[in-house]
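Residue numbers (numbering that gives the first Met the number 0), protein chains in the order written: chain A, 0 to 123; chain B, 0 to 123; chain C, 0 to 123; chain D, 0 to 123.
There are 4 protein chains.
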Amino acid sequence: MASDSVNELSIRLRDFARARDWEQFHSPKNLAMALAGEAGELLEHFQWLTEAQSYELSEAKRDEVALELADILIYVLRCAERLGVDVMDAAWRKVEINERRYPAHRVRGDARRASEYDIESDGE
Amino acid sequence: MASDSVNELSIRLRDFARARDWEQFHSPKNLAMALAGEAGELLEHFQWLTEAQSYELSEAKRDEVALELADILIYVLRCAERLGVDVMDAAWRKVEINERRYPAHRVRGDARRASEYDIESDGE
Amino acid sequence: MASDSVNELSIRLRDFARARDWEQFHSPKNLAMALAGEAGELLEHFQWLTEAQSYELSEAKRDEVALELADILIYVLRCAERLGVDVMDAAWRKVEINERRYPAHRVRGDARRASEYDIESDGE
Amino acid sequence: MASDSVNELSIRLRDFARARDWEQFHSPKNLAMALAGEAGELLEHFQWLTEAQSYELSEAKRDEVALELADILIYVLRCAERLGVDVMDAAWRKVEINERRYPAHRVRGDARRASEYDIESDGE
């Protein structure tokens, strides 16, 4: 079974880049572009599907999408490594921020953005 | 210290969405859009910087970028969870694909895409 | 009424950049990033809406989206100008390519991508 | 010579979609996704190039990029048409907004975003 440790994967990716002398291309700027390029490829799988169809991909399509998500994850980890930031730490912090920002009792079933809630609370 | 287990984070994110009845909005299609929207925010941090400047962010900026990367990671995990795919397994497979596709001795210091290598090898 | 000439707008945008000594930042690479960043902002308007809701924006929202589309158009024109390519000529060529690639009688009501049609026609 | 009228191109694109019964797929939401997907393809051309290299594409590459920009322009126009907004009018308004927001004498040679100027002016 594949390890689910982000640190292990991140080290393997760094070693991959170093062995190819590719760190010279892996500036944070370039990695952000590569990440967004992969995000564009992910969109292309879904753009003409309805939301309902987007749950019901064929096995082959589902695996293609899994590999696109993997590409994005890979660039997230590369970009974090090159910047010297801990993305898992940031993700756990973000979860806590979101738990405070969107209290379950207040936002249940409503997907508006925090800024729109804030606009409303101005009027309270 | 924050856990670096993708599975733990993914479960917490799923529970967050369920507690807010937000799974109705979290179709793979919508999550792909949200992910790409966050990738766009990441780009905005780097678009007018040189590559050299992109390594030398202020502490405050570096943390903003860490949180953008975290947002992207969060949507990668949400999208994988909603599709029922194992993104870490896909990432490890992708590493192996890339190690075969880009042999270190052949591509050292050269960032062209695999398709361009393939085009060249057609002519061999 | 606003001119609908792309050339007029493109010249005004070039003059805007020159008057601010911003051409140094407007490399094709940077403009592509800025464009994709704006495309990410566009997505954020639609990501939690159903397709039906995406037609029925409020007046205020519709205008925000119009301005996002304008930002994207602006970067398309800036990028084309910096590369010395004629994007309207390319767009008219692309229309002709698409008219050949997707004959109306063959693809009516079917949004699959050309590559998928091609795969199928391999088997004919 | 290709017409540089956005209205002419927009009408041709609408007729193309209608002849294929593709308007059912062309919701603003889906068109925003398709646009962002094309923006991702644009990024891929530039992600490993330096800024200097991004000016010096081969003729073949330059034409590929022109066609990517054309794809983005096409989706900008389709999305505007489906929403019933006038993107050229919005672009000219945006030029005027930017001319006020970034006075040439104040921002010459400096690419920081307006929000950063605003933060500074708070302290004046």
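No residue lacks a Cβ here, since even glycine has one placed at the ideal position from N, Cα and C.
Interface partners of residue i on chain D, CB under 8 Å
i             : result
S57 (chain C) : The contacting residues do not exist; S57 (chain C) stays about 12 Å from chain D at best.
8 Å Cβ cutoff, residue i in contact with chain C
i             : result
W91 (chain A) : no
M87 (chain A) : no
A33 (chain D) : no
Chain A contact for residue i (CB, 8 Å cutoff)
i              : result
S53 (chain D)  : no
E43 (chain D)  : yes
A110 (chain D) : no
Closer than 8 Å at the beta carbon, the chain C residues around residue i
i             : result
E98 (chain D) : F15
Beta carbon proximity, residue i to chain B, threshold 8 Å
i             : result
I73 (chain A) : yes
R19 (chain C) : no
Top-ranked residue by Cα proximity to residue i, from the options
i             : options                       : result
E22 (chain D) : D:R77, D:V64, D:A35 and D:L41 : D:R77
A31 (chain D) : D:D85, D:L72, D:S9 and D:A59  : D:L72
E80 (chain B) : B:A1, B:S4 and B:L12          : B:L12
N97 (chain D) : C:A90, C:R19, C:M87 and C:E7  : C:R19
E55 (chain D) : C:K93, C:V94, C:P27 and C:A89 : C:P27
Q46 (chain A) : D:D3, D:A35, D:I10 and D:R107 : D:A35
H25 (chain A) : D:L48, D:D3 and D:I10         : D:L48
E7 (chain C)  : D:S9, D:S2 and D:I10          : D:S2
Cut-off 8 Å between Cβ atoms - residues of its own chain near residue i, not counting five sequence neighbours on either side
i              : result
E67 (chain B)  : E37, E40, L41 and H44
D109 (chain C) : none
A16 (chain D)  : E22, H25 and R77
Contact list for residue i against chain B, beta-carbon separation under 7 Å
i              : result
E145 (chain C) : Residue 145 (chain C) falls outside the range modelled here, since chain C spans only 0 to 123, and no answer is possible.
Cutoff 6 Å; reference residue i; Cβ partners in own chain excluding five residues on either side
i              : result
D83 (chain C)  : It should be pointed out that residue 83 (chain C) corresponds to Gly in this sequence rather than to Asp. Cβ within range, chain order: n/a, list empty.
V5 (chain A)   : M87
A69 (chain D)  : none
V106 (chain D) : none
Buried or exposed by the 16-neighbour rule on C-beta atoms within 10 Å, applied to residue i
i              : result
D14 (chain C)  : exposed
H104 (chain A) : exposed
K93 (chain B)  : buried
S53 (chain B)  : buried
A33 (chain D)  : buried
S57 (chain B)  : exposed
A90 (chain D)  : buried
A65 (chain D)  : buried
A51 (chain A)  : exposed
A59 (chain B)  : exposed
Within-8 Å CB hit, residue i to chain D
i              : result
E50 (chain C)  : yes
S120 (chain B) : Low confidence applies here, because S120 (chain B) scores a pLDDT of 48, under 50, leaving its location unreliable and the question unanswered by this model.
A79 (chain C)  : yes
N29 (chain A)  : yes
Contact set between residue i and chain B, taken where Cβ atoms lie within less than 8 Å
i            : result
A1 (chain C) : The contacting residues do not exist; A1 (chain C) stays about 27 Å from chain B at best.
Cross-chain neighbours of residue i in chain A, by beta carbon under 8 Å
i             : result
G36 (chain D) : G39, E40, L42, E43 and Q46
Cutoff 7 Å; reference residue i; Cβ partners in own chain excluding five residues on either side
i             : result
V75 (chain D) : L34 and V86
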